[in-house]
Amino acid sequence: MSSLVLDTRPLETYLAMSDEEIAERIESAREELGPKVVILGHHYQRDDVIRHADLNGDSYQLSVLASKTDAEFIVFCGVHFMAESADILGREDQRVILPDMGAGCSMADMAHIDQVEEAWEVLTEIGVVGAGSSVAPITYMNSSAAIKAFCGRHEGVVCTSSNATKLFDIYLKKFDKMFFFPDQHLGRNTGAKFGIPLDKMVVWDPHKELGGNTEEELLEAKLILWRGHCSVHGRFKDWHVDKIREDVPGVNVLVHPECIYEVVQKSDFNGSTSYIIKTVEEAAPGTKWAIGTEVNLVNRLAKRFPDKEVHLLAPDLCMCATMYRISPQSLAWAMENLTEGTIVNEISVEPETAKWANVALERMISMTEG
Ligand code: 13P
Ligand code: SF4
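Sequential numbering from 24 applies to the sequence shown in this note's numbering.
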C-alpha cells in the first residue's frame, strides 16, 4: 500500500532546475532535517543519486540498515519492494518514502499473490503439499509484501542473492521440497549448487494448468520455480561469455545469480551485488573483469578501479530502468517537502500483511546474520 499526499512543493518545479541547484537543495534539506532523515541507496542507483545516500548496499544490507536506523524518515533510493521491506522492518513511528512511485521491479510484478495462493491450492489438491510431504515456500526479496507474508504464514522465508545458498542449505535439510518465487534463475542457480538435477527443478507457469507440468513431475520435483526473471540480467547470454573470453584473454567473468543458468555455469564467479563489489575491490591490480550485472554499478566499479580492467559482460546498455526512475529531481522534491512537514510518496504496508511479512524477513535475518 502506498499513499500519495499533496506536495506543498510540486515536482514540476524541480524539473527545470540545473543539476548543481538540485544537488545543493538536497544537501541543504538534509542539513536542515539532520538525524531525522536517512537516505538509503541501492548499488544500482545512478551516480547523481548515490552521491547523496548516507548508506548504500545491496537489498539484504539495506533491509538490515532499515531495521537498525533511528531516523524518523527513511528516504529509499531503490525500488518499491525494498521500500516495503524497510517499512516492515522499521519501527512503527518511522516513515518510508520512495521518491518516485514508478520505481518498481518487473520481476516482482511477475508473481501476484492471487496466483501464488491459487498455485498452492492446486499443489495441495494433488498432494504435493500436505499428505506427508513438507513443502516450504521461499521468496526472493524481489517480491511483494503479500508474497513475503504468504511465506511467513507457511513456515517459509525470504532470501536475497547474498544469502540464498545459506537458506537453501537450511531449508533443503528441513523440508522435502521448496516452492521458490519469483526468480526462476536465482532458484535454479542456487539449486544447482546443491547438486539438484535440472529435471528435478520444474518451472511453474501461472498461466498454464498445473503450471505447465504433469502431476508426476510436480510430485517428483525437489524445487518448483516460479516463472519469473529479471529483464536486466536476463539479457546476458552464454555467447557473451564466449565472446568476451575471446576478446579479452585472461578475463574473469563475474555475474549476478539472476543471470540465466548457462551464463552462470560459464562464469568464473557469481554472487550478489555486494559480492561483485567485494571481489573487484579485493582483486589484484592489472586483473581483468567482465561483469554481468546492472550497468550503473559496473561503470562505477570501472571508475573506482582504474588500475583494473573492468568491462560490462554485454556491450549493449543494460540498465535497470525502474531503478533509474529515482532521479536527483525526485529526491530533492521528497526531501524539500519533508522540510515543510509534508510526506510525499509514503510506502506503508497494511498491518496484517506487514506482520506476516515481518515473520519471513526476521526469519531470514536471524538465520543468516553473523
Ligand atoms: P541484490 O540482492 O544483489 O541487491 O539484488 C537486487 C536486485 O534487484 C538485483 O537485480
Ligand atoms: Fe528488478 Fe531486475 Fe531491476 Fe533488480 S535489476 S530491480 S530484479 S528489474
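Beta carbons: idealized from backbone N, C-alpha and C, even for Gly.
Everything numeric in this text was worked out from a predicted model, so none of it was measured.
- Task: Indicate the three-state DSSP secondary structure (helix, strand or coil) for N79 in the structure shown.
- Result: If you number the sequence shown from 1, residue 79 lands on position 56. Note: N79 maps to strand in three-state DSSP.
- Query: Is K196 buried or exposed, if buried means 16 or more other CB atoms sit within 10 Å of its CB?
  - Reply: In the sequence shown, residue 196 corresponds to position 173, counting from 1. With fewer than 16 other Cβ atoms within 10 Å, it is exposed.
- Message: Which same chain residues end up closer than 7 Å to A142 when comparing Cβ atoms and leaving out the 5 residues on each side of it in sequence?
- Response: Taking the first residue of the sequence shown as 1, we reach residue 142 at position 119. So the list reads W227, P229 and G234, once near-sequence residues are dropped.
- Message: Please report the straight-line C-alpha distance between A357 and M346, rounded to a whole angstrom.
- Response: Taking the first residue of the sequence shown as 1, we reach residue 357 at position 334. Taking the first residue of the sequence shown as 1, we reach residue 346 at position 323. Taking the straight line from one Cα to the other gives about 16 Å.
- I283: which of L121, H256, Y298 and S295 sits nearest, CA to CA? Residue mapping note: residue 283 aligns to position 260 of the sequence shown, counting from 1. The residue with the shortest Cα to Cα distance from I283 is H256.
- Task: When you get a sec, list the residues whose CB is within less than 5 Å of any heavy atom of the ligand 13P, chain order please.
- Result: D81, S82, T183, S184, S295 and T296
- Item | Cβ neighbours of V382 in the same chain (closer than 6 Å, five flanking residues each side left out) | Within the sequence shown, the letter at position 359 stands for residue 382. Excluding positions up to five away in sequence, the list reads G175.
- Message: the ligand SF4 and E107: does any heavy atom of the ligand fall closer than 7 Å to the residue's C-beta?
- Response: Here residue 107 refers to the residue found at position 84 when the sequence shown is read from its first residue. For the ligand SF4, not one heavy atom lies less than 7 Å from the Cβ of E107.
- Message: DSSP three-state label for A168, please.
- Response: As a first step, residue 168 must be located in the sequence shown, where it is residue number 145. The answer is helix: DSSP assigns A168 an H, G or I state.
- Task: Put L336 into one of helix, strand or coil per three-state DSSP.
- Result: Here residue 336 corresponds to residue number 313 of the sequence shown, with the count starting at 1. The answer is coil: DSSP assigns L336 none of H, G, I, E or B.
- Task: Say yes only if the C-beta of H256 is nearer than 7 Å to one or more non-hydrogen atoms of the ligand SF4, and no if none qualify.
- Result: Within the sequence shown, residue 256 is the residue found at index 233, counting from 1. Yes, Cβ of H256 sits closer than 7 Å to a heavy atom of the ligand SF4.
- Item | For R118, the residue or residues it bridges with in DSSP | As a position in the sequence shown, residue 118 is number 95, starting the count at 1. DSSP, once it has assigned bridges, lists F96 as partnering R118.
- Query: Going along the chain, which unbroken runs of the alpha helix (DSSP H) with 4 or more residues stay wholly within the region 225-266?
  - Reply: 238-243
- Message: Looking at P351: is its Cβ nearer than 8 Å to the Cβ of I73?
- Response: Working through the sequence shown from its first residue, we reach residue 351 at position 328. Working through the sequence shown from its first residue, we reach residue 73 at position 50. Cβ atoms of P351 and I73: not closer than 8 Å.
- How about C343: is its Cβ closer than 7 Å to a heavy atom in the ligand SF4? For the purposes of this step, residue 343 is taken as the residue at position 320 of the sequence shown. Correct: C343 has its Cβ closer than 7 Å to the ligand SF4.
- Could you check where the alpha helix (DSSP H) with I299 kicks off and where it finishes? Indexing the sequence shown from 1 puts residue 299 at position 276. Counting along the chain, the alpha helix (DSSP H) containing I299 begins and ends at T296 to E305.
- Query: With K200 and L246 assumed to form a contact (beta carbons below 8 Å), what rounded beta-carbon distance in angstroms separates them?
  - Reply: Your numbering for residue 200 matches position 177 in the sequence shown. Your numbering for residue 246 matches position 223 in the sequence shown. About 7 Å separates the two Cβ atoms, so the contact holds.
- Can you give the Cα-Cα distance for N79 and E43, rounded to whole angstroms? For the purposes of this step, residue 79 is identified with residue 56 of the sequence shown, where counting begins at 1. For the purposes of this step, residue 43 is identified with residue 20 of the sequence shown, where counting begins at 1. Taking the straight line joining both Cα atoms gives about 22 Å.
- Query: Does the beta carbon of Y67 fall short of 7 Å from some heavy atom of the ligand SF4?
  - Reply: Within the sequence shown, numbered from 1, the residue matching residue 67 stands at position 44. Yes - the ligand SF4 has a heavy atom lying nearer than 7 Å to the Cβ of Y67.
- Can you round the beta-carbon distance between T296 and H66 to whole angstroms, since I take them to be within the 8 Å contact cut? Against the sequence shown, residue 296 aligns to sequence position 273. Against the sequence shown, residue 66 aligns to sequence position 43. Yes, T296 and H66 are in contact; Cβ-Cβ is about 5 Å, under 8 Å.
- Task: Determine the extent of the alpha helix (DSSP H) in which V382 is found, giving its start and end residues.
- Result: Working through the sequence shown from its first residue, we reach residue 382 at position 359. First-last of the alpha helix (DSSP H) with V382: P374 to T391.
- Own chain residues within Cβ distance below 7 Å of F99, not counting five before or after: As a first step, residue 99 is located in the sequence shown; it is residue number 76 there, counting from the start. Hits under 7 Å: L63, M105, A106, A109, V119, I120 and L121.
- C174 by DSSP, collapsed to three states: which one? For the purposes of this step, residue 174 is taken as residue 151 along the sequence shown, with counting starting at 1. In this structure, C174 counts as helix in the three-state DSSP scheme.
- Item | Interface flag, H279 vs chain B, CB-CB below 8 Å | The structure shown has no chain B; it contains just one protein chain.
- Is any heavy atom of the ligand SF4 found at a distance shorter than 7 Å from the C-beta of N381? What you label residue 381 is simply residue 358 of the sequence shown in a count that begins at 1. No - the ligand SF4 has no heavy atom lying nearer than 7 Å to the Cβ of N381.
- Nearest-angstrom Cα separation, counted from A126 out to N23: The chain is shown from 24 up to 393; residue 23 falls before or after that span and cannot be answered.
- Task: Let me know the secondary structure DSSP gives T365 once reduced to three states.
- Result: As a working note, residue 365 is residue 342 in the sequence shown. In the structure shown, T365 sits in coil (DSSP, three-state: anything other than H, G, I, E or B).
- Item | Rounded straight-line distance, which links the Cα of E285 to that of N360 | Working through the sequence shown from its first residue, we reach residue 360 at position 337. Working through the sequence shown from its first residue, we reach residue 285 at position 262. The straight-line gap from Cα to Cα measures roughly 47 Å.
- Query: How would you write the range of the alpha helix (DSSP H) that G210 sits in, first residue to last?
  - Reply: Counted from its first residue, the sequence shown places residue 210 at position 187. Here the alpha helix (DSSP H) through G210 covers Q207 to K216.
- Run of the beta strand (DSSP E) containing I49, from where it starts to where it stops: Locating residue 49 in the sequence shown gives position 26, counting from the first residue. Unbroken run through I49 is the alpha helix (DSSP H), D42 to L56; no beta strand (DSSP E).
- Quick one: what's got a C-beta closer than 7 Å to T31's C-beta in the same chain, skipping five residues either side? As a working mapping, residue 31 is identified with position 8 in the sequence shown. N360, E363 and T365, listed in sequence order.
- Query: Contact check, P205 vs W249 under 8 Å by CB: the rounded distance?
  - Reply: Your numbering for residue 205 matches position 182 in the sequence shown. Your numbering for residue 249 matches position 226 in the sequence shown. With 8 Å as the limit, P205 and W249 qualify as a contact, their Cβ atoms being about 5 Å apart.
- Item | Cα-Cα separation, F96 to D222 | As a position in the sequence shown, residue 96 is number 73, starting the count at 1. As a position in the sequence shown, residue 222 is number 199, starting the count at 1. For F96 and D222, the distance between alpha carbons rounds to 47 Å.
- Query: Going by alpha carbons, who is nearest to V276 out of P308, W312, V303 and I299?
  - Reply: In the sequence shown, counting from the first residue as 1, residue 276 sits at position 253. When only C-alpha atoms are compared, the closest one is W312.
- Query: Skipping 5 residues on each side, what residues in its chain have a beta carbon closer than 6 Å to that of S156?
  - Reply: On the sequence shown, residue 156 is found 133 positions in, with the first residue counted as 1. Within the same chain, S156 has close Cβ partners D199.
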